[in-house]
Each structure stands twice: as C-alpha cells, then as structure tokens.
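Numbering (my numbering), first residue to last: 60 to 652.
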Amino acid sequence: MPWTINTNPLENLALSSLVAAIPILYLFWALAFRRMKGHWAAVSALAIAVVISVFVYGMPAKLSLYSAGYGMLFGLWPVCWIVVTAVFIYNLSVKTGEFEIIKNSLATISDDRRIQALLIAFSFGAFIEGAAGFGTPVAITAAMLAGLGFKPLYAAGICLIANTAPVAFGAIGIPIIVGSQVSGVDQMALSRMVGRTLPFVSVLIPLYMVVLMSGWKKGLEVWPAAFVSGGSFAVAQFLTANFVGPLLPDIIASIVSIVCLVVFLRFWQPKESWHFDGEPQSGGRAKLLYTGGQVFRAWTPFIILSIFVAAWGVKPIKMLLDQHSLVRVPIEGLHNMVIRGDRPMAAVYMFNILSAAGTAILFAGLFSIPVMKASLRTAAQVAYQTLKTLRWPIFTIATILGFAYIMNFSGMAVTLGDAFSKTGVLFPFFAAFLGWLGVFMTGSDTSSNALFGKLQEVTATQIGVDPVVTVAANSSGGVCGKMISPQSLSVATAATNQVGREADIFRFTVMHSLILTTVIGVMAYLQAYVIQWIVPVYEKTAAPVAAAASPSLSGGGAAWLGVAVAAVVILTFLARNAREAEPAVVRETFRKR
C-alpha cells in the first residue's frame, strides 16, 4: 500500500523542522567539531535519518531502506563512475611522468610569484578541478607552489581561495548533475543559471588572490594579467555552461585562461618581478626541460578527454548510445509507493552504460594509454590503485546520496523547506549560505547539492521564485564553503607538509569565504526579484526524465560520433609520434660548450 508523506508529523512546524534538521546538525558536528572521518560521519548520519524517518515521520522501514539504497545506487552510477575514470587518467599521467611535463610547462612561464599563482593556483587548478575534482586540485596545486618555493601556508591558503571559481562544474560537472537529479530542476537550465552567476566571481578571484598575496599596491601592479586570467576564464565558463552544458566549463575555461595569459605575457610583463620577503629575485624560476612535442603529448590525454566528453554531450550521440544501452529499472517496492501531495514519487534507476559521462572518460583513458606509452600492465596497476585509493571516497559519496534520498522520500527536506520558506522574500539570499553550509560540512559541492537540492526547489516554489535560482545559488554559494571545509583544509595541509596547522589556514580563509558567499547571496536575491531576465527559460517538470530514443536522429549521432573518434585517433597518432629532440635546456648547454 502506498505511503503518504506527512511534512509536519509533530503538528508544530518549528518542532518538526528541528527534528528534521537533526541528521544535518549531527553531520555538521561530526565533521566540524568531532573531526570524524567522512565515511563514518556519513554512515551514522544515514542511520539517524532512517530512525527519524521511521519513528517520527511514520515511514515504513522498508521504504526508508529502499530509498537509501536507491540513492546509493545513483551515487555509484553515474557519479562514482565519473570520479573513478577521471582520477584514473590523472593517476596514469603521474605514473608515466607526463604530469611532470605539464607542471614544468606551466612553471617556466614567469618567475613572478603573482603570475605563478595565477597560472598554477587559478587556471591550472581549475583544469584539475574540471578533470578530477574532489580535493585533487588543491592537493596538486598547493604541492606545486610549495615546490616552487612558496611559503607552505600561503600556498595552501591561496590554492583554497583560487579553487572557488571552478568547483560548481568540477569533476566533469558532477555537482550540477546531482543537483538536477535531486531537485528535479532541468540540468541544462541549472548549468545556464550557474553559468550566469559564477563568471562574476571568476573575474574577481584572480585579482582578489594576488592582492591577498602581495597587498593592494603590489597586487594592482599585475591587474592586467589578473584581468586576462579571470576575464578569459569567465567568458569561456559562461559560453560553455550556457551552450554546451555542465560537463566541460572548467576544462575549456581553464585551457582558454592558460592560453590567453601565456600569450598576453609574451607582450606584457610586470615592471618588477615580485617575490616573498627575503627571497632571492630568481628564486622561483623554473627552467624549460622539455620540447614542444613532449609538452603536446603530455597535454593530449586531457584534450582527448575534452573531445569525448563534449561529444557525449551532443544530444544525437547521447540518444544513439541510449538506443543500444539504456536500461530502466523501476525500484520494486519503492517506485510510486511514496505519495507527496497528490502525486506518487517515481523511483526508476537508469543504467546508461554507453552514454554515461564516465564512459566517455573511460574511452579517453583507453586512448591515453598509447599516447603516454604506458603498457597494459602499467595501466591495469594504475586502475587497481585508483580504485583502492578511492574506495572510501566512493563509499562516502554513495552513503551521502543515500542520506539525501531518505531526506527527500521521507519528507524531511520538505519540512525544512516549509521552515525556510518563512524567511519569505529573503530566502534567495540565504539559499547561498545553505549551500555554503553544505560544502563546509561535507567538503563537496556535489554532496551539498544532494543534501539541499530538493529543499531549495521546494522552498523556492512555495515563495513563488523560480527554483533554478535557488538551486543554482546552493551550488554557487557552496563553492565559497570549499576553502573552509575540514576536508579541504586537511588536503591542503597534507599537500604542503603542514599537518596540524588546519586552524591557521581556516583563520586565513574564513573571512574571504563569508565575503564571497555574501556576494553570491546578493546576486541570487537580485536574480529572483530584480534582474529576472537573466533566469533561463526552461520546461519545468516534476522530476528529471531521460530523453527517449529517437531513431530519426541516430544517423546524425553516428556521424558526430565518427567525427569525434577520428579527431581523437589523429591526435593519438600525432602525440605518440611527437618529436622528442633534445630538450631546450640541453641544447643551450651544448651551445655554451
């Protein structure tokens, strides 16, 4: 027999909201104060949510457990599938030494610490965020800057702040995908809305970052470079998010930012090269160690990744692949067994083995093996180590998604939405802080969207605001919480050998986190009531629905897929046969002799 949600089980909205918030407050305490490991915090929060859903909300235990399992399945596929394949490519590039070439190609451009921070912490960090996410960019860029001679705590703090702009589209767009899935807001509309909010932050962050490093006077000396870095990133981020989708904004925007800044620096340099106090003027400069061919080969796997992911985002290709692989499995015992209002809630698991973004990344990884001249044995070892390393993050992500689905199916999210709706017209402003809180608790914009996506949608609908505004504010505001989350602080201190000094970095970043979240909140408020023309027009549905296969488009899909594969094959051939002449530094040495 179907079960009907009661959103006010205690017949007092304040008390019902307080009880519904217990699992979230517990998660906040477990992560921020108890410093519990993420997977244990997630499991215990899930258990608390099950207990409350059954004994307070009256949800049948079977439905509660089924909804948790449904969420965990979604966490494993497609979310964790993307994480595993993306991190595999990165790990393979590290194993084969190609990633050292990428680092060197960036570090040789300038010995000015401000320029190095723009290139590595901001632009390159955004690239890694787009390709892997989940703490990887902060770990890599902080270690790189520390290796170049940056003060370790500065390196950690700067990289955490720089990581603000790209987080919402990190890990091939996972936060947007999850936010859409949980809230029911159209994925492309959500991508567009976030893509019309974050570019304003993206323009600001580079200059903000260098001013923090060197003070107002020295920071403003490099404002042209900061503007080129942030401006080019913002334009590419806007265009990609609005016209391509949520999968590639970070990767494309970061590449555009790197290229534009490198070209700009050929014609412009700061009058004086800035270094830290007491540091030799030439202390941070790296020498060119590789040829152009080697640099091209090192970057090729990520270019291939961009091509495949972009191709998988083309609707005819996606529909063609779905024709041959999409499997829809209604969750027996949960599908249409929970009634919200007067409508049954669907619970259909979609297993799209070919059209999933993670599969596109897997193909990119397979083509990258010969590009990096790795043996199949090496690739297999890297794949095994990747899975071994990610086993707890995978478990945590799946558990958080299970927790989020219980919040949705039990009605707890609706209860909290009812309470937040009492803030009335101010809710769009506070929506950004709700996302900020979620990322602070979990360390992940993806998890924050999973926790609060439905709440944002419900509350916005109740107060008459387009839900895409508040769901986007959850993701956009969430990025500002990344720099103070315990998980991020731990990653940053570990990468810079400063374990135990998390509190120092927290004090360095917390004020900037609050300032930037306030900016996002004000923007969300204006989008809701003043500049409503900026909100994308989209078809509103009760739940995300997969596109049905269309035979009429399959021919076009095959053609587009063929073009993408041909481009990748050509790139693979060129990269594998890239000229490996003597590195420039070696040739220079021989000339001196």
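Where a beta carbon is used, it is the ideal one built from N, C-alpha and C, also for glycine.
Pairwise C-alpha distance: residue j and residue i
i, j, result
"Asp170", "Val321", "13 Å"
"Pro119", "Asn65", "13 Å"
"Lys513", "Thr63", "18 Å"
"Lys481", "Ala101", "29 Å"
"Thr223", "Phe259", "12 Å"
"Leu493", "Leu306", "24 Å"
"Ala79", "Arg402", "22 Å"
"Val594", "Leu460", "28 Å"
"Ala463", "Ala509", "6 Å"
"Ala108", "Arg173", "47 Å"
"Ile366", "Val627", "7 Å"
"Lys154", "Gln591", "49 Å"
"Ala623", "Thr518", "42 Å"
"Ala457", "Thr576", "27 Å"
"Leu178", "Arg566", "25 Å"
"Gly274", "Ser313", "25 Å"
"Val430", "Leu421", "14 Å"
"Ile233", "Ala551", "22 Å"
"Ser414", "Val407", "17 Å"
"Gln175", "Gly483", "45 Å"
"Ser242", "Leu475", "14 Å"
"Lys541", "Ile220", "8 Å"
"Ala227", "Thr418", "21 Å"
"Ile264", "Phe114", "47 Å"
"Ser126", "Ile235", "21 Å"
"Val197", "Ala145", "16 Å"
"Phe181", "Trp140", "26 Å"
"Phe158", "Lys432", "13 Å"
"Glu70", "Trp88", "27 Å"
"Ser103", "Ser239", "26 Å"
"Gly189", "Pro308", "8 Å"
"Gly424", "Pro360", "7 Å"
"Leu132", "Asp563", "38 Å"
"Val55", "Phe147", "The shown model of the chain, from 60 to 652, leaves out residue 55, and the question about it has no answer."
N- and C-terminal bounds of the beta strand (DSSP E) containing residue i
i, result
"Val388", "385-389"
"Met247", "It is not in any beta strand (DSSP E) - Met247 instead sits in the alpha helix (DSSP H) that spans 246-254."
"Tyr149", "Looking at the DSSP string, Tyr149 is not in any beta strand (DSSP E); the run it does join, the alpha helix (DSSP H), is 140-154."
"Met471", "Element bounds for Met471: not the beta strand (DSSP E) but the alpha helix (DSSP H), 471-479."
"Asn411", "407-411"
"Arg399", "397-399"
Span of the alpha helix (DSSP H) around residue i
i, result
"Tyr125", "120-133"
"Lys513", "504-522"
"Asp309", "308-324"
"Trp136", "Counting along the chain, Trp136 falls outside any alpha helix (DSSP H), and DSSP gives it neither H nor E."
"Leu105", "97-114"
"Pro68", "Where Pro68 is concerned, there is no enclosing alpha helix (DSSP H), given that its DSSP letter is neither H nor E."
"Gln353", "351-371"
"Pro429", "416-430"
Supposed close pair residue i, residue j - CB separation, criterion 8 Å
i, j, result
"Asp504", "Gly229", "7 Å"
"Asn163", "Leu324", "Incorrect: roughly 16 Å between the Cβ atoms, too far for contact."
"Thr529", "Phe486", "7 Å"
"Gly184", "Thr167", "Rounded, the Cβ-Cβ distance is 18 Å, inconsistent with contact."
"Met471", "Ile111", "7 Å"
"Phe488", "Tyr584", "4 Å"
"Ala438", "Leu630", "That belief does not hold up - the Cβ atoms of Ala438 and Leu630 are roughly 18 Å apart, past 8 Å."
"Val253", "Ala531", "5 Å"
Per DSSP, cross-strand counterpart(s) of residue i
i, result
"Trp62", "Val397"
"Arg402", "Arg399"
Only counting runs of 4 or more residues, tell me where the alpha helix (DSSP H) segments fall wholly within the region 265-295, in order along the chain.
-> none
Secondary structure, alpha helix (DSSP H): runs of 4+ residues fully inside the region 528-604 | 545-554, 561-588
Output the residue ranges of the alpha helix (DSSP H) runs that lie fully inside the region 145-230 and measure 4 residues or longer, sorted by chain position.
-> Listed in chain order, they are 157-166, 172-175, 184-190, 195-206, 211-221.
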